[in-house]
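Heads up: take any position in the sequence shown, counting from 1, add 21, and you land on this note's numbering. Just so it is clear, CB atoms sit at the ideal spot from N, CA and C, and this is done for glycine as well. On a predicted model such as this, the values are computed, not experimentally measured, just so you know. Here's the structure we're looking at; comments come further down.
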Amino acid sequence: MTSRIIFGLLVLPIVAQAQVVIEWTQPTRGVSVAVDAEQNVFTVDNEQGPGTDITLVKRDSTGSQLWTASFDQTDNTKWEKATWVTTDSQGNAIVSGTVMSGISNPVNAASILMKFSPAGALLWRRVYESAFDGSYTRKCLVDEQGAIYVLGMGSGPSGFVTKVKKFTADGDSVWNYFDQAGIGAPVNFKFTPDNGILIVGRAIFGSVDGFAKISRDGSPLWSLPGQNSQTVGDAAGDSHGNTYVVHGENVF
Numbered sequence: 022m023t024s025r026i027i028f029g030l031l032v033l034p035i036v037a038q039a040q041v042v043i044e045w046t047q048p049t050r051g052v053s054v055a056v057d058a059e060q061n062v063f064t065v066d067n068e069q070g071p072g073t074d075i076t077l078v079k080r081d082s083t084g085s086q087l088w089t090a091s092f093d094q095t096d097n098t099k100w101e102k103a104t105w106v107t108t109d110s111q112g113n114a115i116v117s118g119t120v121m122s123g124i125s126n127p128v129n130a131a132s133i134l135m136k137f138s139p140a141g142a143l144l145w146r147r148v149y150e151s152a153f154d155g156s157y158t159r160k161c162l163v164d165e166q167g168a169i170y171v172l173g174m175g176s177g178p179s180g181f182v183t184k185v186k187k188f189t190a191d192g193d194s195v196w197n198y199f200d201q202a203g204i205g206a207p208v209n210f211k212f213t214p215d216n217g218i219l220i221v222g223r224a225i226f227g228s229v230d231g232f233a234k235i236s237r238d239g240s241p242l243w244s245l246p247g248q249n250s251q252t253v254g255d256a257a258g259d260s261h262g263n264t265y266v267v268h269g270e271n272v273f
């Protein structure tokens, strides 16, 4: 049996007995890629330069470009860095990013979330929590109702920590979750079958992983910080609420 998978950036190969044939390729850079229910392909990328924007590109399943879209920001002291793109059940594209200040030695200025229609129109844009709070984003997820969750880092009650922020489908802020156990900087997060959210962190200094689970209303369920690991870890959950964690450590 022959199966079809997406391989690499905008490459559609056919896999059969370990042989890969590239069906098409397009000269589109990207840091994240997503596919909607109609098999359209979305990529996001950015240039590092004065006043530059995040660029969203939509292509159909044959690789033909349908449109490009961006927000025309005009502050030449800043530029915008793309971090993730995902799609919802309506074919909208949700893009997360970070406002960067400075060109040669840039620093994180603020977090960005944008939503684009299937036709490429910017539906709304949120820069949070202020114009320059030092926060940044890592990834975004969309649930079955179109609500959006953004993983990043920001200032909370315990300092500058891993953060998850939830928005409605219309871009209204719902809640903020701040790590208080010290799981490290954000690496990844994902939904679980029991309607939770698993968060994976990694220490900024040292070889230490951390993990946490929260509910979809932002309530903390548990945290597992301080896991010595030579590698970046990961976690997955099942429908019974169990969590499976993997990380690397020396075994003697």
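Where residue i sits in the DSSP three-state scheme
i: I169; result: strand
i: F63; result: strand
i: W276; result: Outside the shown range of the chain, which is 22 to 273, sits residue 276, and nothing can be said about it.
i: G175; result: strand
i: Q111; result: coil
i: P139; result: coil
i: R50; result: coil
i: V182; result: strand
i: N263; result: coil
i: V56; result: strand
Contacts around residue i, its chain only, beta-carbon distance under 7 Å, and the 5 residues preceding and following it disregarded
i: P246; result: A202, G203, I204, G231
i: G269; result: S250, Q251, T252
Beta-ladder partner(s) of residue i, from DSSP
i: V208; result: In DSSP, V208 forms no bridge with anything.
i: I124; result: I124 is not bridged to any residue.
i: E101; result: V120
i: I220; result: F210, A233
i: P241; result: I235
i: S194; result: F188
i: D255; result: V267
i: Q86; result: R80
Residue i and residue j closer than 8 Å at C-beta
i: D57; j: G118; result: no
i: T213; j: G258; result: yes
i: V78; j: T64; result: yes
i: V229; j: Q248; result: yes
i: K234; j: T189; result: no
i: R147; j: G192; result: yes
i: G175; j: S151; result: no
i: F210; j: I220; result: yes
Same chain only: Cβ atoms within 6 Å of residue i, ignoring 5 sequence neighbours per side
i: T108; result: A55, D57, A114
i: P139; result: G112
i: L144; result: K136, S138
Neighbourhood of residue i by C-beta, 8 Å cutoff - its chain only, sequence neighbours within 5 removed
i: S236; result: N216, G217, I218, L242
i: G239; result: V185, K187, V195, W196, N197, Y198
i: D93; result: D74
i: P178; result: F199, Q201
Proximity test, residue i beta-carbon vs the ligand ATP heavy atom, cut-off 7 Å
i: L87; result: The model depicted lacks the ligand ATP and carries no ligand whatsoever.
ask   = Just checking, does the segment 44-61 make contact with the segment 83-96 on the three C-beta pairs under 8 Å criterion?
value = yes
Cβ contact (3+ pairs, closer than 8 Å) linking the segment 93-108 and the segment 150-164 = yes
ask   = Do the segment 127-136 and the segment 168-187 touch if we need at least three Cβ pairs shorter than 8 Å?
value = yes
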